[in-house]
Structure formats: structure tokens, C-alpha cells
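*Asks:*
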Amino acid sequence: MGGIYSGGEGDEWGIKPDIQEAQKWYGQAAEQGDSDAQIALGKIYYSGATGRTDYAKALALFTQVENDGTNSRSTMPLSWMYYNGLGTAPDCDKAWSYYKKASRYVGKKVEEKIFLSKCAADIQSRKNNADAYPK
């Protein structure tokens, strides 16, 4: 049902997109352990599609899917969140670990040394320019 309300899938039945309703249905399915719903709900929280981001909730959902080992689509969002410190403190080693795992599925590959160096430089840049980034 979440997919029907999130947009696209409900068109054939005349159901208009309603992200709040999608969030409700994804939430119910996520509570039952549906990894696709957990990822979809995590993306809603991550993107702020309802008008407010909640990186901590997104991180928790993606982490739950990762820990359950039921869906590989959680690894790249986790890498990005640890890389950028979204919902958690930045952690280049964790970001690399998730990136390395995700790269098996997405085909993009970066050397560990380059990834870690870029991550550390980006963290320092964000610290140096903290006023320029959204709170």
C-alpha cells in the first residue's frame, strides 16, 4: 500500500500520491519486518518528503535492514550517512565498510586510500565551514 500512495503505482486505480499515507503504510509494514518497507520509510525520513528530515530514524531503519541481512539496498545509504555525518557522527571507516560492501552491487569502485582521504578532507571542510551548512 505504501508504494501505491508514494506515487506512480496508484495511478492505474486513480489514487493520488499522498506521502503521509504512504508513510503510514510503510511504517506498518516496516514494523512487521518488511525490508523493502523499511528502506522506503528510511528514504522518506532521509529525504524529508513529508516536510521534515529525520536522519536518526532513517539511519535506524537502514541499520536494521543491514543487520537483518535481508536487503542489500541499505548499504549505500548507510555509507553516505556515515560519510556525511547524517543522523550520526561522521565515521570514515564505517562509511568505507558500507561503501565496499555496496560496490559489489552497484559496480562503482574507489580505492580505499582515496575514499578515506576524501572522507577525512570533507569532514574537515565541513568543520571549517560549519556556518555554511544547513543545521
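Residue numbering for the sequence shown follows this note's numbering, beginning at 1294 and increasing consecutively. Backbone N, C-alpha and C define an ideal beta-carbon position, used for all residues, glycine too. As the structure is a computational prediction, the values presented were derived from the model and not from experiment.
#1: Please report the distance separating the alpha-carbon of Asn1360 from that of Ser1410.
#2: Tell me whether Glu1404 sits in a helix, a strand or coil according to DSSP, three-state version.
#3: How many Å lie between Ile1416 and Lys1309 at the Cα?
#4: Would a C-beta distance cut-off of 7 Å place Thr1381 and Ser1328 closer than the cut-off?
#5: Mind checking which residues open and close the alpha helix (DSSP H) that includes Ala1323?
#6: Please name the residue in Tyr1339, Asn1377, Asn1422, Gly1341 whose C-alpha comes closest to that of Ala1413.
#7: Under the three-state reduction of DSSP, which class applies to Asp1386: helix, strand or coil?
#8: At 4 residues or longer, what runs of the alpha helix (DSSP H) sit wholly inside the segment 1353-1385?
#9: Would you kindly report the start and end of the unbroken alpha helix (DSSP H) that includes Asp1329?
#10: So, helix, strand or coil for Asn1422, using DSSP?
#11: In chain order, what residues of the same chain have a beta carbon less than 7 Å from the beta carbon of Ala1322, not counting five sequence neighbours either side?
#12: Please report the distance separating the alpha-carbon of Thr1343 from that of Tyr1319.
*Replies:* Quick answer:
#1: 27 Å
#2: coil
#3: 41 Å
#4: no
#5: 1312-1324
#6: Asn1377
#7: helix
#8: 1368-1377
#9: 1328-1340
#10: coil
#11: Gly1295, Ala1330
#12: 13 Å
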